[in-house]
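*Asks:* Under this note's numbering, the residues of the sequence shown are numbered 24 to 600, in order.
Glycine included, each C-beta is placed from N, C-alpha and C at the ideal position.
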Amino acid sequence: MTDPQLVLAERVQQALAAAFGPEHAGADPLIRPSQFADYQANVALSLGKRLRRPPREVAQAIADALDPGDVFGAVEVSGPGFLNITLNDEWIAAAAGAALADPRSGVGLATPPQTVIVDYSAPNAAKEMHVGHLRTTIVGDSLVRLMEHLGNRVVRQNHLGDWGTPFGMLIEHLLDIGEARALARLEAGEGSEYYQEARAKFDADPAFKERSRRRVATLQSEEPETIRLWRLFMDATIRYFNRVYSTLGVTLTDSDIAGESMYNPMLAETCADLESSGVAVLSEGALCVFPPGFTGSDDRPLPLIIRKSDGGYGYATTDMAAIRYRVRDVKADRILYVVGADQSLHFQMIFAAARQAGWLTDEVSAEHIQIGMMLGSDGRRFRTRSGEAVKLTDLLDEAVERASAAIAERGYDEATRAEIAHSVGIGAVKYADLSVGHDSEYVFDFDRMLSFTGNTGPYMQYATARIRSIFRKGGIDPAEATGPIRLDEAAERELALKLLSFGTVVEHAAAGAEPHRVCAYLFETASAFTTFYEKCPVLRADVDAGTRASRLALCALTLRVLQTGLHLLGVPVPDRM
Ligand code: ARG
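1) Can we count A363 as close to ligand 1, meaning its CB is less than 7 Å from some heavy atom?
2) Report yes if the C-beta of Y218 is less than 7 Å from at least one heavy atom of ligand 1; otherwise report no.
3) What I want to know is whether the C-beta of Y263 ends up closer than 7 Å to one or more non-hydrogen atoms of ligand 1.
4) Buried or exposed: which applies to E245, given that a residue is buried once 16 or more other Cβ atoms fall within 10 Å of its Cβ?
5) Please state whether the Cβ-Cβ distance between W186 and N287 is less than 8 Å.
6) Going by beta carbon distance, what residues of the same chain come within less than 6 Å of Q371, once the five residues before and after it are set aside?
7) What residue from T505, S284, I200 and E195 has the CA that sits closest to A230's CA?
8) Taking the CB atoms as reference points, tell me whether N111 and V139 lie closer together than 8 Å.
9) Verify whether the separation of the beta carbon atoms of L523 and D26 is less than 8 Å.
10) Are the beta-carbon atoms belonging to V447 and A426 less than 8 Å from one another?
11) Assign E453 to one of two classes, buried (16 or more other C-beta atoms within 10 Å of its C-beta) or exposed (fewer than that).
12) Starting from the C-beta of I85, find all residues in its chain whose C-beta is less than 7 Å away, skip the five residues before and the five after it, and write them out in chain order.
13) What does A303 pair with, by DSSP beta-bridge criteria?
14) Roughly how many angstroms lie between the CA atoms of E33 and A339, to the nearest whole one?
15) Is Q28 buried or exposed, if buried means 16 or more other CB atoms sit within 10 Å of its CB?
16) What would DSSP say about D199, mapped onto helix, strand or coil?
17) Please report the distance separating the alpha-carbon of D436 from that of G49.
18) Tell me whether A223 counts as near ligand 1, meaning its Cβ is closer than 7 Å to at least one heavy atom of that ligand.
19) At what residue ranges does the stretch 183 to 247 contain a whole run of the beta strand (DSSP E), taking only runs of 3 or more?
20) Quick check on this structure: which residue in A451, I250, T188 and W382 has the alpha carbon closest to the alpha carbon of V239?
21) Whose CA, out of M192, G337, S278 and A148, lies closest to the CA of T257?
22) How should V167 be labelled, buried or exposed, when 16 other C-beta atoms within 10 angstroms of its C-beta is the threshold for buried?
23) At a cut of 8 Å, does the stretch 117 to 134 reach the stretch 64 to 79 through at least three beta carbon pairs?
24) Say yes only if the C-beta of P632 is nearer than 7 Å to one or more non-hydrogen atoms of ligand 1, and no if none qualify.
25) What's the gap between the Cα of L305 and the Cα of R323?
26) Across which residues does DSSP place Y62 in a beta bridge pair?
27) May I ask which residues mark the beginning and end of the beta strand (DSSP E) holding F494?
28) Give the secondary structure of L589 by DSSP, where H, G and I count as helix, E and B as strand, and everything else as coil.
29) Check whether the stretch 551 to 558 and the stretch 507 to 519 touch, using three or more Cβ-Cβ pairs below 8 Å as the test.
30) Ligand 1 heavy atoms versus the CB of D142: any closer than 7 Å?
31) Excluding the 5 residues preceding and the 5 following I161 in the sequence, name in chain order all residues of the same chain whose CB lies nearer than 6 Å to its CB.
32) At the level of alpha carbons, what is the spacing between R403 and D462?
33) State the Cα-Cα distance for the pair H391 and S367, rounded to the nearest angstrom.
34) Within 10 angstroms of its Cβ, does K521 collect 16 or more other Cβ (buried), or is it exposed?
35) Would V362 pass as an interface residue toward chain C - the criterion being a Cβ-Cβ separation below 8 Å?
36) From I449 to T384, what does the alpha carbon distance come to, in whole angstroms?
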């Protein structure tokens, strides 16, 4: 174990058991980074309350029972009952050496591993894949990577909007303009224009409207020719989605598609189950669940409509079928719905109804990972100048072009420049998305996200490139920099200590489904490295061999932590910049 927070937690728990009895061994010792020492343990405050004893006295009793071993020296009781703990330099140095020798860099594994479903991306085929789905895609993919890195079984579910009444007019429009042309346009990402054309005809032309209505009926009854046309439409659209995924370096594949249509065969049974168990009742002809605690503006119970009065199913029906399937058939321990914050009420009601039905139990955690809206510089929903939704491929192309311009003066040949520009441009967009809390709105700003300073993708990529260039200059392979690590300078100690908390950060980011914690940590680590690099020359001729070996080892561990962290975010790492 190399992570001080885990090591200290274990020691404090042993002290708790020794001082207050074994029943306290499981208490959370509340280890936090401290301003006055390396870490502090805050458990004496809550324990004092529980035992009705002064917290300072409790803290002193813990301090007296603590076995510091070779980990730390004297422990100090401060304030209302904090325990301040300063680690021994030798221990930090040895732990950093052990983290370097550990291929996982001190990141543990989930015990036991869980089955985690991540429902993310989920664009709607009847419309263009727009910026609204950019964040759900990027945040979801980072969550997938985090959960997998901890050894969990992850099941990706791309809940595509691939069903519903709009498909009637979309299929009729496909017949009007001709299969080949329609499919080429959909594949090229013109879904939005295509939809608008169909919509305009639907509103203006009664005959088209009638055809579309009939087409909805044959689609629902799964008439083979209609299904064939729908399949063509979907396949072309998915080819476009896949192009965006591949540009973004997102891990979704066709086998992760679990669109709304997949649940069609389960909808009738889902409703029947809810009705027979009495969880759903008929109200004005519609089948509804009234989960307790949800009321409308008129104080009347709010319905979750699972079958409309005309017999049709909707978005909520599909999500009820999906949650049942995910718990019962996929056997999920945890389900993350990475979806816009504006659907908060929908998911609260789905979870409540599923709990009422007994489908969602206390053993399973269903969480709506709310994604805040992306705003334009005017503080409103992000749109083009003419007020339309921004096309994703255009946005990503622009990011890469701007990145290419930013590195124009660095003298790379064309192919290298294109490669770096791709990593920097896409990395900048992804990092900007991930570095703020997923539920906060954020302003999409190319200049800021492409800046080479601050908590940005390019800065983080640059930090890794700089470390690589140290190794290149020294003619050394990072894998051969094995130390031993010594900590003579404060900047070395600071950097080593930061590197040792990588495991805790990854664990907390996964537990809270918060990739921005990883970003914040990587930024702090890169900053600690910058200070170290300013104060502690590595390759200079006057540096003795032992110091040089130690500093190279610190560089190697920093490089690996930054690379692993960026990989968990899904941000590409170019070799040079
Ligand atoms: N397609 C939906 C939308 O764009 C998101 C689906 C999210 N997942 C779910 N299980 N409802 O709003």
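*Replies:* Taking the geometry as given:
1) The sequence position of residue 363 within the sequence shown is 340, counting from 1. One point to set straight first is that residue 363 is Gly, not Ala, in the sequence displayed. Correct: G363 has its Cβ closer than 7 Å to ligand 1.
2) To locate residue 218, count along the sequence shown from 1; it is residue 195. No, the Cβ of Y218 stays beyond 7 Å of every heavy atom of ligand 1.
3) Stepping through the sequence shown from its first residue, residue 263 is reached at position 240. Incorrect: Y263 has no Cβ contact closer than 7 Å to ligand 1.
4) By one-based count along the sequence shown, residue 245 stands at place 222. The Cβ neighbour count for E245, taken over all protein chains shown within 10 Å, is under 16; the residue is labelled exposed.
5) In the sequence shown, counting from the first residue as 1, residue 186 sits at position 163. In the sequence shown, counting from the first residue as 1, residue 287 sits at position 264. Yes.
6) Position 348 of the sequence shown, counted from the first residue, corresponds to residue 371. None.
7) Here the question's residue 230 lines up with position 207 in the sequence shown. Nearest of T505, S284, I200 and E195 to A230, Cα basis: E195.
8) The count along the sequence shown starts at 1 and reaches residue 111 at position 88. The count along the sequence shown starts at 1 and reaches residue 139 at position 116. Result no, Cβ atoms of N111 and V139 do not sit closer than 8 Å.
9) Residue mapping note: residue 523 aligns to position 500 of the sequence shown, counting from 1. Residue mapping note: residue 26 aligns to position 3 of the sequence shown, counting from 1. In contact: L523 and D26 (Cβ atoms closer than 8 Å).
10) If you number the sequence shown from 1, residue 447 lands on position 424. If you number the sequence shown from 1, residue 426 lands on position 403. A contact, by the Cβ cut-off of 8 Å.
11) Taking the sequence shown and counting its residues from 1, one reaches residue 453 at position 430. According to the sequence displayed, residue 453 carries Lys and not Glu. Answer is buried; the Cβ neighbour count reaches 16.
12) The residue given as residue 85 occupies position 62 in the sequence shown. Within the same chain, I85 has close Cβ partners V35, A38, L39, A42, A67 and L106.
13) By one-based count along the sequence shown, residue 303 stands at place 280. Note: A303 sits in a beta bridge opposite V312.
14) Translated into positions along the sequence shown, residue 33 becomes position 10. Translated into positions along the sequence shown, residue 339 becomes position 316. Taking the straight line from one Cα to the other gives about 46 Å.
15) Here residue 28 corresponds to residue number 5 of the sequence shown, with the count starting at 1. Buried, because 16 or more other Cβ atoms sit within 10 Å of the Cβ of Q28.
16) For the purposes of this step, residue 199 is identified with residue 176 of the sequence shown, where counting begins at 1. D199 falls in the helix class under three-state DSSP.
17) Position 413 of the sequence shown, counted from the start, is the residue given in the question as residue 436. Position 26 of the sequence shown, counted from the start, is the residue given in the question as residue 49. For D436 and G49, the distance between alpha carbons rounds to 59 Å.
18) Numbered from its first residue, the sequence shown carries residue 223 at position 200. In this structure, A223 has its beta carbon at no less than 7 Å from each heavy atom of ligand 1.
19) none
20) Along the sequence shown, one-based indexing puts residue 239 at 216. Considering only alpha carbons, the answer is T188.
21) By 1-based counting over the sequence shown, the position of residue 257 is 234. It should be pointed out that residue 257 corresponds to Met in this sequence rather than to Thr. Measuring from the Cα of M257, the nearest candidate turns out to be A148.
22) The residue given as residue 167 occupies position 144 in the sequence shown. Under this definition V167 is a buried residue.
23) no
24) Only positions 24 to 600 of the chain appear in the structure, and residue 632 is not among them; the question remains open.
25) Taking the first residue of the sequence shown as position 1, residue 305 is located at position 282. Taking the first residue of the sequence shown as position 1, residue 323 is located at position 300. If you take the alpha carbons of L305 and R323, they lie about 16 Å apart.
26) Taking the sequence shown and counting its residues from 1, one reaches residue 62 at position 39. Answer is P56 and I108, bridged to Y62.
27) Residue numbering aside, residue 494 sits at position 471 when the sequence shown is read from its first letter. Here F494 belongs to no beta strand (DSSP E); instead the alpha helix (DSSP H) covers G480 to G497.
28) The sequence position of residue 589 within the sequence shown is 566, counting from 1. In the structure shown, L589 sits in a helix (DSSP, three-state: H, G or I).
29) yes
30) Numbered from its first residue, the sequence shown carries residue 142 at position 119. Yes - ligand 1 has a heavy atom lying nearer than 7 Å to the Cβ of D142.
31) Sequence index remark: in the sequence shown, residue 161 carries index 138 (1-based). Here the set comprises K453 and D456.
32) Taking the first residue of the sequence shown as 1, we reach residue 403 at position 380. Taking the first residue of the sequence shown as 1, we reach residue 462 at position 439. Their Cα atoms are separated by approximately 16 Å.
33) Your numbering for residue 391 matches position 368 in the sequence shown. Your numbering for residue 367 matches position 344 in the sequence shown. Taking the straight line joining both Cα atoms gives about 7 Å.
34) Taking the sequence shown and counting its residues from 1, one reaches residue 521 at position 498. With 16 or more other Cβ atoms within 10 Å, it is buried.
35) Absence of chain C from the displayed structure is noted, only one protein chain being present.
36) Here residue 449 refers to the residue found at position 426 of the sequence shown. Here residue 384 refers to the residue found at position 361 of the sequence shown. The alpha-carbon atoms of I449 and T384 are separated by roughly 40 Å.
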